[in-house]
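2 protein chains.
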Amino acid sequence: MNTTTAPHPLDDALALTALAPGQYQGRTTEAYWNMVGPYGGITAATLVQAILQHPECLGEPISLTVNYAAAVGAGPFTLQATPVRTNRSTQHWTLSIEQADASGALVVTTTGTAVTAVRRDTWSACDIPMPAVPPAQQFERAMLHAAAPQWIHRYEMRMLEGGLPTRWDGSGDGSLSRLWVRDAEPRALDFASITAMADVFFPRVWLRRTTHVPAGTVSMTVYFHATSAQLQATGSAPVLAQARGQQFGNGFFDQTAQLWNADGVVLATSHQIVYFKE
Amino acid sequence: MNTTTAPHPLDDALALTALAPGQYQGRTTEAYWNMVGPYGGITAATLVQAILQHPECLGEPISLTVNYAAAVGAGPFTLQATPVRTNRSTQHWTLSIEQADASGALVVTTTGTAVTAVRRDTWSACDIPMPAVPPAQQFERAMLHAAAPQWIHRYEMRMLEGGLPTRWDGSGDGSLSRLWVRDAEPRALDFASITAMADVFFPRVWLRRTTHVPAGTVSMTVYFHATSAQLQATGSAPVLAQARGQQFGNGFFDQTAQLWNADGVVLATSHQIVYFKE
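The listed protein sequences derive, respectively, from chains A and B.
Just so you know, we're using numbering that gives the first Met the number 0 here: the first sequence kicks off at 0 and counts up by one.
Just so you know, we're using numbering that gives the first Met the number 0 here: the second sequence kicks off at 0 and counts up by one.
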């Protein structure tokens with residue numbers, strides 16, 4: 000056994016120490032650092048991880064909403080995951096992350112809610128079939144900009160359409176992006192990693208306007224359609240991720256997103272509302 | 000002044016008495032009763048109303064997530080709306096509804112989070128233009144089934160497509176519904192009423208399967224795109240409401256929805272995940 004093997008950077012970022020029932024200590028890692036705080040997807044994934052580690056967790060994640068109240072600062076944080084209502088087959092969670100501010104007082108940086116459930120085999124249908132796109136291996140891995148934040152290096156992205164503009168000339172007329180994405184260092188898919196991938200898209204306003212303006216996610220919701228077995232079966236193969244803006248104005252826009260595995264299985268759908276400037 | 004005029008049934012359902020900062024007492028009303036509890040849309044609207052009545056409320060609603068942990072029982076309930084983080088132009092809220100159970104103990108029936116913000120005029124664009132549909136007056140008001148729950152009588156609905164199946168024969172092949180909807184008793188649109196309307200759709204699984212199975216919303220998110228002025232300007236005119244299912248399986252499906260006024264202004268977008276049986 001090679002005890003010097005470093006953990007996968009995602010597992011390292013998700014590492015939590017239980018302090019009390021539902022209370023955990025975590026800390027940010029450089030590997031998933033964004034501009035002024037950790038990548039929003041890793042914060043969301045850490046909340047999911049806390050639920051899954053909770054000894055009273057019933058079933059598997061069905062929905063998650065994360066509200067980014069403030070940037071999480073570099074260093075330790077306290078995460079609270081509380082099962083406030085447990086029914087026969089569903090369980091409702093409240094979530095928060097707190098961190099000491101400059102004066103040492105604990106302040107809320109993140110709020111959220113989640114639902115877990117025991118899923119049963121039922122009738123099924125898909126009204127969002129995976130678009131007919133060529134397989135991942137037919138696309139080059141996206142070149143990373145020298146100034147790209149750390150977290151982007153944690154993903155292998157292959158853009159099919161709607162890539163980051165190369166000229167910020169205001170010529171944009173659509174907001175649809177499609178990419179094949181997987182962890183750059185291979186890791187079998189699970190609820191935490193699919194949660195993180197749901198936030199992998201750059202702000203739709205950059206694409207739609209072809210103008211670079213400050214933007215940041217305010218709230219994200221993820222609906223989980225796959226079971227842990229379906230995620231596990233996807234392994235470390237690329238996931239097709241698609242996002243589109245809906246309405247932009249008065250300082251905010253919303254985005255809808257879908258994630259499929261290469262077999263066309265819908266793994267998750269997601270929505271977010273994003274602040275933008277001017 | 001005619002003091003005997005009854006309040007609008009929506010205002011009656013939204014009536015809250017402040018007990019302490021952020022703590023309110025409300026009660027269910029028969030007018031919005033569903034099968035085993037109040038209409039989910041009225042519960043969501045009541046949470047928005049509590050935020051707007053809070054003396055510390057900053058700006059206007061941007062997003063709301065409501066989790067239906069258990070049916071609210073007939074009678075009084077306690078609602079808590081807490082601004083847990085107030086930034087320069089955004090404010091983050093946690094929300095809950097509690098009710099006494101049979102033993103008299105307070106239990107959580109509803110959880111939620113919301114974001115309010117001071118909105119500023121910015122660049123805008125719409126990537127979900129209103130579908131080209133005939134105006135509301137060209138459609139008959141939908142006939143109400145004798146067994147329809149009370150809340151349905153509170154809306155004037157005119158179905159354009161994807162109406163409630165008349166034969167439950169399993170022949171369904173799509174999940175898109177479009178309707179013109181407004182309060183049956185005219186009332187100028189506001190954040191509470193547009194929130195309630197975001198839940199106006201019958202379960203997509205009924206349409207998709209053309210099979211009547213038990214179903215209930217587990218979690219709903221609403222993103223508000225209109226300002227209070229735009230809602231006010233819409234007045235009591237019909238709103239075009241559109242919903243579509245995405246993925247159905249393992250006991251749950253999700254729905255995306257959009258609401259426009261007749262001028263094509265996007266008022267809100269919404270998503271929900273819904274439990275269904277078998």
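Glycine included, C-beta positions come from ideal geometry on N, C-alpha and C.
Just so it is clear, the structure is predicted and the values come from calculations on it, not from any experiment.
Is the number of C-beta pairs between the segment 60-72 of chain A and the segment 101-111 of chain A that are closer than 8 Å three or more? Touching, yes.
Please tell me whether B:H7 and B:E184 are closer than 8 Å, where the distance is taken between their beta carbons. Between B:H7 and B:E184, the C-beta spacing is below 8 Å.
Distance cutoff 8 Å, beta carbons only. Does A:W167 sit that close to anything in chain B? False, the Cβ-Cβ gap to chain B never drops below 8 Å.
At the level of alpha carbons, what is the spacing between B:G25 and B:G39? Their Cα atoms are separated by approximately 15 Å.
Identify every run of the beta strand (DSSP E) within the segment 176-219 of chain B, keeping only runs that are complete inside it and at least 3 residues long; order them along the chain. Counting whole runs of 3 or more residues, the segment 176-219 of chain B contains the beta strand (DSSP E) stretches 176-182.
Scan the segment 126-147 of chain A for residues whose Cβ lies nearer than 7 Å to a Cβ of chain B and list them as they occur along the chain. The segment 126-147 of chain A vs chain B, Cβ under 7 Å: D126, I127.
Complete runs of the alpha helix (DSSP H) confined to the segment 22-49 of chain B [at least 4 residues]: Fully enclosed alpha helix (DSSP H) runs of 4 or longer: not present.
Would you call the segment 95-102 of chain B and the segment 114-121 of chain B touching, i.e. three or more CB-CB distances under 8 Å? Short answer: they don't touch.
With DSSP collapsed to three states, give me the class of A:I151. Helix at A:I151.
Mind listing the chain B neighbours of A:S174? Cutoff is C-beta to C-beta under 9 Å, in chain order. A124, D126, listed in chain order.
Beta carbon of B:D262 nearer than 8 Å to that of A:Y222: Against a cut-off of 8 Å, the Cβ pair of A:Y222 and B:D262 comes out as no contact.
Quick check on B:S170: buried or exposed, where buried means 16 or more other Cβ atoms within 10 Å of its Cβ? Result: exposed.
DSSP has B:S95 in a bridge; who is on the other side? Per DSSP, the beta-bridge partners of B:S95 are B:Q79, B:T110.
Residues from the segment 195-208 of chain B in contact with chain A, defined by Cβ distance under 7 Å: For the segment 195-208 of chain B, the set of residues with a beta-carbon nearer than 7 Å to any beta-carbon of chain A comprises R207, R208, in chain order.
Is there at least one Cβ from chain B nearer than 8 Å to A:A69's Cβ? A:A69 counts as touching chain B.
Candidates B:T121, B:P164, B:A242: closest to A:G250 by CA position: Relative to the Cα of A:G250, the nearest Cα in the group B:T121, B:P164, B:A242 belongs to B:T121.
Integer Cβ distance of B:A135 from B:P237, believed to fall under 8 Å: With a Cβ gap of about 4 Å, B:A135 and B:P237 count as contacting.
Between the alpha carbons of B:G58 and B:D172, how many angstroms are there, rounded? Answer to the nearest angstrom: the Cα atoms are 43 Å apart.
Rounded to whole angstroms, how far is the Cβ of A:N33 from the Cβ of A:P148, which I believe are closer than 8 Å? Confirmed, about 5 Å.
Selection of the segment 58-85 of chain A by Cβ proximity to chain B, strictly under 8 Å: Cβ contacts with chain B come from I61, S62, T64, N66, A68, A69, V83, R84.
Near-chain B residues of the segment 241-253 of chain A (beta-carbon distance less than 7 Å), N- to C-terminal order: For the segment 241-253 of chain A, which is checked against every Cβ of chain B, the residues closer than 7 Å are R243, G244, Q245, Q246, F247, G248, N249, G250, F251, D253.
Would you verify that the beta carbon of B:H91 is, or is not, closer than 8 Å to some beta carbon of chain A? Yes, B:H91 counts as interfacial toward chain A.
So, using beta-carbon positions, are A:D212 and A:E277 closer together than 8 Å? According to the sequence displayed, residue 212 of chain A carries Val and not Asp. In contact: A:V212 and A:E277 (Cβ atoms closer than 8 Å).
Could you name the residues that DSSP lists as bridge partners for A:V265? Checking the DSSP bridge columns, you'll see A:V265 partnered with A:W259.
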